[in-house]
Every structure is written in structure tokens, then in C-alpha cells.
Amino acid sequence: MQTTLNSDVQGKLQWSLLSLRLGVFIVMLVWTLDKFVNPGHSIKIFEKFYGIGGVSEVAAYIMGGLQLLLVITFVLGIKKRITYGVIFLMHGASTLSAFNQYFDAFNNLLFFAAWPMWAACFALYLLREQDTKFTVK
1 MQTTLNSDVQ GKLQWSLLSL RLGVFIVMLV WTLDKFVNPG HSIKIFEKFY GIGGVSEVAA
61 YIMGGLQLLL VITFVLGIKK RITYGVIFLM HGASTLSAFN QYFDAFNNLL FFAAWPMWAA
121 CFALYLLREQ DTKFTVK
């Protein structure tokens, strides 16, 4: 059943989706820049949380470059089905890879911030067609 929203609600929805997109972008951008600024940190994360050892600095830079391309296309709203979907899956993998941290909640409180961000990624994916404020067609 297709319904149309009045212009006031539509405007609020678009601003809300933009704020979610910008918020997710800021976090993803900093995670991306970390691969360039401190590739050793990224290497340790891959070992500890993903069980992937032997990642080189060059690999961290390559992943950083690919991720930078992704987050830029994401924030611009380009190919939303793909970029919003990949961001949702990447952040989901990150959130779930830290699963053991949740068992010691009070010593790992910041890890819980991943859940509302993952929910924001999901909302953006579901509402991607309505997310049109400051996007590239």
C-alpha cells in the first residue's frame, strides 16, 4: 500500500535521514582514516576481532583506500542499494565481531555504541529511497 506523506513530515524525514547518514559517515570516516594514520592499530583489530593475522601495512592502506571510496559514495547517496547495504553489513560484522566484549559490559561500555549505529545503518538501508537530501542522483 503506497501512501504519500504530507510535505512537513516528508521534510522532517529527509532531514532525519540526512542526520543519520552524516552521523554514520563521521564514524566510518574516522575508522577509515585510522587505517592510514595508524595502520598498526588496524592490523591489531583484524587479529583480535576478526582472527585474521598477518595483515600488512600495505593491505591496511589498500583496505583504507577502498573503504574511503565506499564512505564517500555512501555520504553522497550514490548507488544507495549497494553502498548503504555494504555499510550496514560492514558495521554489522564489526558489531558482532566484538561479541565477547558485551559479556564484560561495564568494562567495555563504548562497544555498546555500535548497536544504535547499526540500527541507524539498517534504517538508512530500509528508507534509502526517501533519503534524498543532499544526495547525488
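Going letter by letter, the sequence shown gives residues 1 to 137 in full-length UniProt numbering. Glycine included, C-beta positions come from ideal geometry on N, C-alpha and C. The structure presented is a predicted model; accordingly, all values stated were derived computationally and were not measured.
Buried versus exposed, by CB contacts within 10 Å (16 or more), L22: Here residue 22 refers to the residue found at position 22 when the sequence shown is read from its first residue. Exposed, because fewer than 16 other Cβ atoms sit within 10 Å of the Cβ of L22.
G54 at chain D interface by Cβ criterion, 8 Å: Protein chain content of the structure displayed is limited to a single chain, and chain D is not contained in it.
Separation of G54 from L66, as counted between CA atoms: Here residue 66 is taken as the residue at index 66 of the sequence shown, counted from 1. Here residue 54 is taken as the residue at index 54 of the sequence shown, counted from 1. Answer to the nearest angstrom: the Cα atoms are 19 Å apart.
Per-residue burial, A120 [other beta carbons within 10 Å of its own, 16 or more giving buried]: Along the sequence shown, read from residue 1 onward, the residue named residue 120 stands at position 120. Buried, because 16 or more other Cβ atoms sit within 10 Å of the Cβ of A120.
Where P116 falls, given that 16 or more other Cβ within 10 Å makes a residue buried: As a working mapping, residue 116 is identified with position 116 in the sequence shown. Exposed, by the Cβ-count rule.
Contact under 8 Å by Cβ, T32 with L76: The residue you call residue 32 lines up with position 32 of the sequence shown. The residue you call residue 76 lines up with position 76 of the sequence shown. Not a contact, by the Cβ cut-off of 8 Å.
Exposed unless 16 or more other CB atoms sit within 10 angstroms - verdict on F36: The sequence position of residue 36 within the sequence shown is 36, counting from 1. It counts as exposed.
Residue range of the alpha helix (DSSP H) that includes V136: Here residue 136 refers to the residue found at position 136 when the sequence shown is read from its first residue. Counting along the chain, V136 sits inside no alpha helix (DSSP H), nor does DSSP assign it H or E at all.
C-beta contact flag for L29 and D131 at 8 Å: As a first step, residue 29 must be located in the sequence shown, where it is residue number 29. As a first step, residue 131 must be located in the sequence shown, where it is residue number 131. Judged by beta-carbon spacing, D131 lies beyond the 8 Å limit of L29, meaning their Cβ atoms are not closer than that value.
Outcome for S42 when other beta-carbon atoms lying within 10 angstroms are tallied against a minimum of 16: Taking the sequence shown and counting its residues from 1, one reaches residue 42 at position 42. Buried.
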